[in-house]
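First up is the structure itself, then whatever we jot down about it.
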Amino acid sequence: MIRKKLIAGNWKMNKTSSEAADLVSAIVAQVGKANDVDVVVCPPFTSVESVGQTLDGSSVKLGAQNMHPERNGAFTGEISAEMLRSIYVRYVILGHSERRALFGETDAFINQKVLSALKAELKPILCVGESLEEREAGSTLDVVKNQLEGGLVGVEESNATDVVIAYEPVWAIGTGKVATSEQAQEVHAFIRKLLGERFTPAIGNKVRILYGGSMKPGNAPELLAQADIDGGLIGGAALEARSFVQLVEAAQAAN
Ligand code: PGA
């Protein structure tokens, strides 16, 4: 197996601390010993530390949903890579389409975050993906290429395999409209080719590329069977232990 599958739950702005505690306890009870698949949960900031304490001693890893590129300073409301690292966060979602669309994040800003995350030994989950208009205009691959290359400026070969890419077509996020496995595989293969050109083909073969956008237990087996789909970034279906665990099991079965 060149690439270990990865299932990451993006809880978005959901779950109070006590709800987060219930969810993570149920996840740990069911997949807390899984070693054949990497499992990551990304709670809201208010629960990152407490969720991390529940994960302690399990194989499930802690992630965050965002961070600021600077180390510290006058950035009201923001959180740095060092702060996340100090509470044992291992992964951080960067450039999610909601951050791009609702909070004006540009490729250049996302790139600064990617570089700071790597410097702090956090693994960035860099999200890329086209909108419906862009897909209909036939510009999917151009959009993905710009976001990918823009997000990876300055990333060294020595760090490249710490980066995880998530291909999330915006029109499939939270809409119940999943990309077909052919549509997803086409873009994943394209991303892998670009990574091979940007770094080396060997690195391109090692970087994990997740699919995100209405991934559910019902559609996961087919998506995860595609040659270049190495896991999922899961929103809605990560909010309940049952469906999230089923997704981890689907990834195990796809090994
Ligand atoms: P969804 O969200 O699974 O609810 O479509 C995925 C994401 O936004 O990461």
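In case it helps, numbering that gives the first Met the number 0 puts the sequence shown at residues 0 to 254.
Backbone N, C-alpha and C define an ideal beta-carbon position, used for all residues, glycine too.
Check	Outcome
Write down the C-beta distance between Ala19 and Pro42 rounded to the nearest angstrom, noting that I regard them as a contact closer than 8 Å.	5 Å
So, is Leu131 buried or exposed, given that buried needs 16 or more other C-beta atoms within 10 angstroms?	exposed
Shortest alpha-carbon distance to Arg207 belongs to which of Lys14, Ser16, Asp37?	Asp37
For ligand 1, is there a heavy atom less than 7 Å away from the beta-carbon of His187?	no
Once the 5 residues before and after Ser180 are set aside, which same chain residues still bring their CB inside 7 Å of it?	Glu221, Leu222, Gln225
For Leu140, which residues from the same chain have a beta carbon less than 6 Å from its beta carbon, with the 5 sequence-adjacent residues on both sides left out?	Phe189
According to the neighbour-count rule (16 or more other Cβ atoms, all chains shown, within 10 Å of its Cβ), is Gly8 buried or exposed?	buried
Would Val23 pass as a contact of Val247 if the rule is Cβ separation under 8 Å?	no
With burial defined as no fewer than 16 other Cβ atoms inside 10 Å of the residue's Cβ, what is the status of Thr45: buried or exposed?	exposed
From Thr75 to Gln251, what distance separates their C-alpha atoms?	41 Å
Looking only at DSSP bridge pairs, what is Ala7 linked to?	Val39, Leu232
Give every residue of the same chain whose Cβ lies closer than 7 Å to the Cβ of Pro170, excluding the five residues on either side of it in the sequence, and list them in chain order.	Per the sequence presented here, residue 170 reads as Trp, with Pro not at that position. Taken in chain order, the residues that qualify are Ser130, Leu131, Arg134, Lys176.
Can you give me the start and stop residues for the beta strand (DSSP E) that Arg70 sits inside?	Element bounds for Arg70: n/a, residue is neither H nor E.
When burial is assigned at 16 or more other CB atoms within 10 Å of the CB, is Pro123 buried or exposed?	buried
Which term fits Leu101, buried or exposed, when burial requires 16 or more other beta carbons within 10 angstroms of its beta carbon?	exposed
Going along the chain, which residues of its own chain have a beta-carbon closer than 7 Å to the beta-carbon of Ser115, five neighbours each way excluded?	Pro68, Ala80
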